[in-house]
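Beneath this line is the structure, given in structure tokens, with notes to follow.
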Amino acid sequence: MTAYNVLDLVPVREGRTLGEAFKAATALAVAAEDAGCKRYWVAEHHAMEGIAGGATSVVLAHVGNATSTIRIGSGGIMLPNHTPFQIAEQFGTLDALFPGRVDLGLGRAPGAGPELQRALRKDLHRAAEMFPQDVVELMAHMDGTSEIPPNPGLGANPEFWMLGSSLFGASLAARLGIPYAFASHFAPDHLDAALELYRRNFEPSEACEKPHVMAAMNLFCAETEAEAEKLATSQMQAFVALRTGKPSRLKPPVAGYRDQLPPTAQAMLAHIGQASAIGTPDQCAAAVREFVSRTQADEIIFAGPTFDPQARIDSLARAMKALS
935 MTAYNVLDLV PVREGRTLGE AFKAATALAV AAEDAGCKRY WVAEHHAMEG IAGGATSVVL
995 AHVGNATSTI RIGSGGIMLP NHTPFQIAEQ FGTLDALFPG RVDLGLGRAP GAGPELQRAL
1055 RKDLHRAAEM FPQDVVELMA HMDGTSEIPP NPGLGANPEF WMLGSSLFGA SLAARLGIPY
1115 AFASHFAPDH LDAALELYRR NFEPSEACEK PHVMAAMNLF CAETEAEAEK LATSQMQAFV
1175 ALRTGKPSRL KPPVAGYRDQ LPPTAQAMLA HIGQASAIGT PDQCAAAVRE FVSRTQADEI
1235 IFAGPTFDPQ ARIDSLARAM KALS
């Protein structure tokens, strides 16, 4: 049976505060738990006005206190931004606070220019090259095979996931024998090839006996198709702003926004939005099931930020009911 999850970038809305963004994140996690979702993940981004998930482990601790059964995790931690020891301590702390509920999704994209590299005191391009070794080192810190055992961290047992949007992450996940999550909600190009590579080369491990795949979709579910299309325009505006080098806070929806764009921008949105379920509950359920049938994913994780936080909660609830 397919498991359904929520991916939250913790968007900061235009005209709203950071505090309101964190309250919205907590409300979304509670709603996801109530709707029957298995996991709530937060994505790490830095120095972006419209995204507040940079201190990922802190956000997860806040959300964990407000929930009781849903798994909480990173989708993901960009390991080149950190030392493995630091992440072992942070997620060892989370594992002690919320035993049996913590996921540690890892990615290698630094996502930073020279200014942010200086702020993080990191050579992020070199750190990205060291990513496979750093993942192994992080695991060693937790399983007790490293020279310096972290505390918290030693003996912690978060569920490791490899994140990716290319063949690199798929290959590494297969070699390590851990679950693999593909970022098809914004980078669908290599989805099929990555999943095939991961499954073909998977090496069973103590953590995972067989390949286990999660794929990401955008979800905007409303009572009418027109309402759902309008909900999606806040994310569309964010994508266009990011691709044109003008990232900003999440903006209010605009009816007919896509039609107002030049053809190149419309084509860009159509391309990156291939893995999307936008429409009524029945339409969204059909789109999700078709995507699952195509990918044979074990789990689906839903992105889909909305300007009104309650609109995302309602969207998720409608879709989960239709999928049940």
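Residue numbers (my numbering): 935 to 1258. We put the CB at the ideal spot given by N, CA and C, even for glycine. Values in this document were obtained by computation on a predicted structure and should not be read as measured data.
Item	Value
So Asn1261 is in the beta strand (DSSP E); what residue range does that whole segment cover?	Missing from the structure shown is residue 1261; the chain here goes from 935 to 1258 and no further.
Given that a residue counts as buried once 16 or more other Cβ atoms are within 10 Å of its Cβ, and exposed if not, what is Met935?	exposed
Looking at the unbroken alpha helix (DSSP H) that takes in Val976, where does it start and where does it end?	From DSSP, Val976 is part of no alpha helix (DSSP H) but of the beta strand (DSSP E) over Arg973 to Val976.
Buried or exposed, going by whether 16 or more other CB atoms sit within 10 Å of the CB of Glu1093?	buried
My assumption, with CB atoms under 8 Å, is that Ala1245 sits in contact with Leu1184. Please give the rounded CB distance.	Their Cβ separation, rounded to whole angstroms, is 12 Å, which puts Ala1245 and Leu1184 out of contact at 8 Å.
Mapping the DSSP letters down to three states, classify Ala1108 as helix, strand or coil.	helix
Would you check if the distance between the CB atom of Ile985 and the CB atom of Leu943 is smaller than 8 Å?	yes
State the Cα-Cα distance for the pair Leu1013 and Val1147, rounded to the nearest angstrom.	21 Å
What three-state label does DSSP hand Arg1192 in the structure shown?	helix
Could you check what DSSP says for Gly1039 in three-state terms: helix, strand or coil?	strand
Could you check where the beta strand (DSSP E) with Phe1025 kicks off and where it finishes?	No beta strand (DSSP E) contains Phe1025, which is instead part of the alpha helix (DSSP H) from Pro1018 to Leu1031.
Pick out whichever of Cys971, Gly1098 and Gly953 has its Cα sitting closest to the Cα of Glu1233.	Cys971
Whole angstroms is fine: what's the gap from Ser1182's alpha carbon to Ala1175's?	7 Å
Buried or exposed for Gly1098, please, with buried defined as at least 16 other CB atoms from any protein chain shown within 10 angstroms of its CB.	buried
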